[in-house]
Each structure stands twice: as C-alpha cells, then as structure tokens.
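Read in order, the letters of the sequence shown correspond to residues 5 to 298 in the numbering used here.
We treat Cβ as the ideally placed atom computed from N, Cα and C, and that holds for glycine.
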Amino acid sequence: MSSKRLLNISLAIIHKAYRWLIRHRFAALLLTVLPTIFLIPLVLSASGSPALIPRDLLVSKRPLLVVAHPDDECLFFSPSVLGMTRGGASLQSESSKGVHRQAAVLVLSAGNNYGLGEVRKRELLGSCKMLGVSEERCVVLDLPEIQDNPRQWWPSDKVAEIIHEHVKKFNADAIITFDEGGVSGHLNHRSVHRSVEQLAKTFPSFPPSFSSTTVFLLRKYSSIFDLALTSLPFLPNLVLGIEATERALFLASWNEYRSARLAFWSHRSQMSWDRHLYMVASRYMMMNDLRRIK
C-alpha cells in the first residue's frame, strides 16, 4: 500500500472519529475521560510493582535500550527509560529495593539522512543526561551500511552482531527495543526489532528482551486517554495481586513527563511545529506497554 493511500485512509478514519465524537459527546466523555481520571492514580500508585513490571525488569541492574536514531529514546521510550533509571522512585517492589541501575542506550545510526549526523550525536548526549543515562553509557554509531533511511531494511546479521557486542560491553541484563511495527512503521525501527528477536531466539542466554507496542493512529495520538485501553490487560493483576510475566506497563509521572520533554529539547535540530504537538498528543510520551520478545 502506498504512503499516499495510507495517509488518505488515516485521514478518513480521523474524520469519521471526529464526527462521531461531535454527535456523541457525552458518550465520549464517559468512555475516555472518566476512566482515565480513575485509572491514573490507580496505575501510578502501583507503578513499579510486580503487577505491572515483570521480575526480569524489576531486578535488572543494567538495562539496555536499543533504538535506530537519536531522539527515538525520548520520543518512544522515555517512560521506560525514566522508570528504569529512577528505580528508587518508580520501582517499588521488594525485588527492586536496593538495586542500583546503570541503564545504557545504543543508537545504531547517527540519523544522518539530512546531513546532520554530527549535530545529532551531540544532541543525544543531552537527551541521555535528562533521562538519567551517563554519557559513557550512551552510544551512537555511524556505519556505512547502517544509515538513516525510512525505506531501507538494515542487514539483520550485521545489526544483530553489533547489538550482541554491546550487550557484552555493557553486561546488559535486560533489553528494551522496538516491536515489529516499529511504532511508526519506519523500516530502520523494524530492522532493530528483527535483529533483537533473532538474537533472543538464537541464544538461550541472551538477556530478557521486551518490545514496544505499535497501535493504530487514533490511539497513538490520544495522549494520556489511551491509558483506559492500555491498562486493561493489567487490571486483573492489580485487582487479584497477580504478577506480570509477559507484559510491562510504565506510566510517566508529571515530573517524568517534564523530563522527557526536556530530553527532546536537547534535539534542537529536530524541533518543528509537529514535534510540539507530538509531545502533547502522543501516548508514547505518557506510557509504554512492553511485550516480551520470544
């Protein structure tokens, strides 16, 4: 399907959704706003508990985020990174008490699609600092065969080799990365997932790996109101005291959301009017629901 046709379909869906919301304002209020108002304090109070975070992540001391480009770490994964790096505040289970976390970020390309690779490398360091990741554990690569290109699949074996090297370098004990949809459909994002999945299936000793969840356009830009749908799989855990095993939910607090915004402000070269809207409207600035890669 061409990108133009996909855009037209997306706009048609948004238009129909808007017309439905206008006609059914009261129903929309009941279905979105009120559940969200109830769920925010419920989920935040359980933030970092075994009901929301699998034990593999709770006890992780050296989590590694693997992404494709500078700014992916804050636009798509800031709730997860902040939830892990600020473990003392966010991860409150008995399993995580006393755990000193040293998160790392691996960015596989410098994002040089418009010739700004060197600028974006420097910007990434400022973002990592705001997310609680030290400069020496914030790595961005610039290899000829792995360059920013939304229409190009990266060589999976080469990417897998690089990721494996950095897993050993940082002695990583948990991996967070993109899912097969890549959040935005970007082929570089999807390439990263393919290689992590390849490693997870090939090496039994590879660290537990978790991926993002790609959702359709309306949900993607429903901001905090997507919590009503995102939290549904976790409600039985919260009510019955069941431990999460295959999925994780990180919900950013207000301070964490502000830190995520400041992290993106480090990426000055990428700041445009639509990014301002993204920081308000995107669910990925507010929450991450992760799934175990098997």
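CA-to-CA distance, residue j to residue i, given in whole angstroms
i	j	result
Ser84	Phe182	12 Å
Val47	Thr218	21 Å
Arg272	Ala114	15 Å
Glu247	Gly52	11 Å
Gln106	Val137	7 Å
Arg223	Leu233	9 Å
Ala50	Met289	19 Å
Cys142	Asp75	12 Å
Ser235	Leu253	8 Å
Leu281	Met291	16 Å
Pro154	Val243	42 Å
Pro330	Asp177	This structure leaves residue 330 out entirely; the chain is present only between 5 and 298.
Ser276	Ser209	42 Å
Val70	Ala108	9 Å
Ile297	Leu266	30 Å
Met134	Cys78	10 Å
Gly119	Phe229	37 Å
Val171	Leu221	33 Å
Gly87	Asp161	31 Å
Leu110	Arg66	13 Å
Ala164	Trp158	10 Å
Ile13	Lys20	11 Å
Ser94	Arg194	Any reading at Ser94 is ruled out, since the residue's pLDDT is 49, under 50, leaving its predicted position unreliable.
Gly130	Gln274	14 Å
Leu56	Ala16	35 Å
Phe268	Phe80	11 Å
Asn116	Asp152	6 Å
Arg279	Pro39	27 Å
Arg295	Ser215	5 Å
Glu149	Ala72	13 Å
Ala204	Asp293	19 Å
Gln202	Cys132	27 Å
Leu61	Lys173	19 Å
His168	Ser199	10 Å
Pro240	Asp146	45 Å
Ala264	Ser270	10 Å
Gly156	Val196	Reading off the sequence, residue 156 comes out as Gln, not Gly. If I take the Cα positions, the gap works out to 12 Å.
Arg126	Glu184	28 Å
Leu128	Arg27	45 Å
Arg287	Arg59	24 Å
Ser82	Trp258	12 Å
Leu112	Leu191	13 Å
Where residue i falls: helix, strand or coil (DSSP)
i	result
Ser286	coil
Thr181	strand
Val163	helix
Ala93	Note that Ala93 scores 40 on pLDDT, short of 50, meaning its location in the model is unreliable and no value can be drawn from it.
Arg279	helix
Ile17	helix
Counterpart residues of residue i in DSSP-defined beta bridges
i	result
Ala252	Leu294
Cys78	None; Cys78 has no bridge partner.
Ala108	Leu68
Leu147	Ile150
Range covered by the beta strand (DSSP E) that runs through residue i
i	result
Val37	Taken as a continuous stretch (DSSP letters only), Val37 belongs to no beta strand (DSSP E), as it is neither H nor E.
Residue i, enclosing alpha helix (DSSP H) - first and last residue
i	result
Val123	Gly121 to Met134
Ser263	Trp258 to Trp269
Leu62	Arg59 to Leu62
(Q) For a minimum of 4 consecutive residues, which ranges assigned as the alpha helix (DSSP H) are wholly contained in the stretch 203-240? (A) 221-224 and 231-234
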